[in-house]
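Step one of this worksheet: look at the structure below.
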Amino acid sequence: MHRERIRTDGGVETTTDPWTETRTDLDGQVALVAGGTDGIGKATATRLAELGATTVVVGSTPERGHEAVEAIVEESNNDAVEYVQADFSLMSEIRQLAEEFRGNYDRLDALVHTAGILPYEREMTEEGIERSFAINYLSRFLLTNLLVDMLEDGGPTGVVNVAAAGANSVELLDLDDLSSERFFTDPEEGDHMTRGQNALDQAQVANDIFGLELADRVEGTGVSSTVIHPGAVDTDIRMKADDGWRQVDEMLRSEMDVVPPELVAETVVPLATVTNPSEINGKFFQTGRQVVEFQDGVRDPELRQDLWEKSAELSGLADED
Ligand SMILES: NC(=O)c1ccc[n+]([C@@H]2O[C@H](COP(=O)([O-])OP(=O)(O)OC[C@H]3O[C@@H](n4cnc5c(N)ncnc54)[C@H](OP(=O)(O)O)[C@@H]3O)[C@@H](O)[C@H]2O)c1
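Heads up: the sequence shown begins at 2 in the numbering used here, then just goes up one per residue.
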């Protein structure tokens, strides 16, 4: 296999790692894209539908969801696209989604997590969880756990977490303050324009640790778990937040080339459809199919176990075991 060492501008050590084979005819297969109604998720869902998969997209805003289905069907020429509404800030809705999915489909071949928001106001849900942490991380943990047996029953199958693979230090995660009560905004940043940065970092690091721990737990079952950092992408995610995040959007667009979501999907879809899951299981990627070396702390078995237990408790999964 050809491997090439590359140093990116950020100094992150990466390798290009072309996968030997991916499934390119997804006829008869089922893909679930959590957050598939906009941005990276919509581009990913479109590509999966183009390849023939029955594609289920989930989001919280029905109007956006129905528009997305129409656009995906038209672009992919595949009618088998379904929208399911669920608010990922609530674990009760994740449970309902998983139950509904099991009722409607007898297989799951690809599970892609792209649902996310940029936090700017600290808000607790009625279930006692900080809202952005629930949407950006905990919903992914619970949904994956509730459907993992379906992924294992088939195979090869893939779980892909679109987050910030390896970009943030594990020290940003405070297991005693997952709801960011102490620091919602990064204390080092003072009056930085992006309020909620600390809450966002916590969720992204949690996704890294979860992706790696899941990889260990599914190794050898025909399932792969990968995490990808998409880079700065041309989506509306920052415009949907507050003025601070909108300024970041302006800055990013003036200073660098933001990546089209379709380009990110070109890495996400192969990760979700690789024929040999152990080839990529537990790896972190960037857009462009480069493998990213992750921070050592992510491997810490105690941290991984502690986060898993806290997540199971917070999401209610522990009560179901
Ligand atoms: N764009 C970037 O530059 C960038 C960079 C690094 C990482 N990422 C990560 O990549 C992921 C996708 O980002 P994106 O730019 O594609 O975002 P986006 O275009 O804003 O799409 C976000 C998706 O998440 C769904 N969503 C948001 N809140 C939800 C909720 N409460 N319940 C259910 N679904 C919800 C949205 O649907 P509804 O609005 O209908 O709820 C939409 O489908 C995020 O996790 C983000 O943090 C993005």
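For each residue, glycine too, the CB sits at the ideal point set by N, CA and C.
Buried versus exposed call for residue i [16 or more other C-beta atoms within 10 Å across all chains shown]
i, result
"N78", "exposed"
"T357", "Since the first residue shown for the chain is 2 and the last is 322, residue 357 is missing from the structure and cannot be characterised."
"H230", "buried"
"S1", "As displayed, the chain neither begins before 2 nor continues past 322, which places residue 1 out of reach and without an answer."
"M151", "buried"
"S312", "buried"
"D10", "Legend: pLDDT at D10 = 35, less than 50; position of this residue unreliable, no value from coordinates given."
"R132", "buried"
"P278", "buried"
"H3", "Confidence at H3 is low in this model, with a pLDDT of 30, below 50, so its placement is unreliable and the value that follows should be read with caution. H3 should be labelled exposed."
"R6", "Only weak support exists for where R6 lies, its pLDDT of 34 falling under 50; the value from the coordinates is given anyway. Classification for R6: exposed."
"A204", "buried"
"E14", "For E14, the predicted model reports a pLDDT of 45, less than 50, meaning its position is unreliable and no value from the coordinates is stated."
"R254", "exposed"
"Q291", "buried"
"G104", "exposed"
"A50", "buried"
"T195", "buried"
"R239", "buried"
Residue i and residue j closer than 8 Å at C-beta
i, j, result
"F295", "D209", "yes"
"I41", "V249", "no"
"V34", "T115", "yes"
"G212", "S226", "yes"
"G197", "P120", "yes"
"P1", "A44", "A query on residue 1 cannot be resolved here, the shown segment of the chain reaching from 2 to 322 and no further."
"I95", "L52", "no"
"I130", "S180", "yes"
"F54", "L27", "Reading off the sequence shown, one finds Ala at residue 54, where the question assumed Phe. Yes, the pair counts as a contact, with Cβ atoms nearer than the cut-off."
"D243", "D39", "no"
"A216", "G155", "no"
"F285", "A166", "yes"
beta-carbon residue i near ligand 3 non-hydrogen atom, thresh 7 Å
i, result
"R48", "In the structure shown, ligand 3 is absent; the only ligands present are ligand 1."
Nearest candidate by alpha-carbon position, reference residue i, set the options
i, options, result
"V74", "S61, L91, G37 and F89", "G37"
"L91", "D217, G104 and N137", "N137"
"D202", "R254, D175, E214 and V228", "D175"
"R48", "R239, T25, R132 and I238", "T25"
"V260", "G212, Q287 and M125", "Q287"
"G29", "A165, Y106 and D217", "Y106"
"E124", "F185, R305 and E314", "F185"
"A207", "R300, R183 and A54", "R300"
"A168", "T195, G104, E76 and V293", "V293"
"G317", "G53, T23, E71 and A135", "A135"
"L173", "N199, D154 and G53", "N199"
"S170", "Q306, G298 and A319", "G298"
"V228", "E214, T236 and I238", "E214"
"E22", "P302, K241, I281 and R65", "I281"
"A87", "R65, R239 and A72", "R65"
"L315", "D178, A32, T195 and E153", "D178"
"A266", "E256, M257, E122 and G232", "G232"
Cβ of residue i within 8 Å of any chain C Cβ
i, result
"E68", "Reference to chain C is not applicable here, since this structure consists of a single protein chain."
| Counting Cβ pairs, one atom from each stretch, are 3 or more of them under 8 Å apart for the segment 148–167 and the segment 81–97? | no
| field | Secondary structure, beta strand (DSSP E): runs of 3+ residues fully inside the segment 206–248 | value | 224–230
| Complete runs of the alpha helix (DSSP H) confined to the segment 135–204 [at least 4 residues] | 140–154
| task | Could you say if the segment 212–231 and the segment 243–259 meet the contact criterion of at least three C-beta pairs nearer than 8 Å? | result | no
| query | Are the segment 260–280 and the segment 103–116 touching, with three or more C-beta to C-beta distances below 8 Å? | reply | yes
| field | Whole runs of the beta strand (DSSP E) within the segment 256–288, excluding any shorter than 3 residues | value | 285–287
| field | beta strand (DSSP E) runs wholly inside the segment 78–102, at least 3 long, in chain order | value | 82–86
| request: Would you list, in sequence order, the uninterrupted beta strand (DSSP E) runs of no fewer than 3 residues that lie entirely inside the segment 18–45? | output: 31–35
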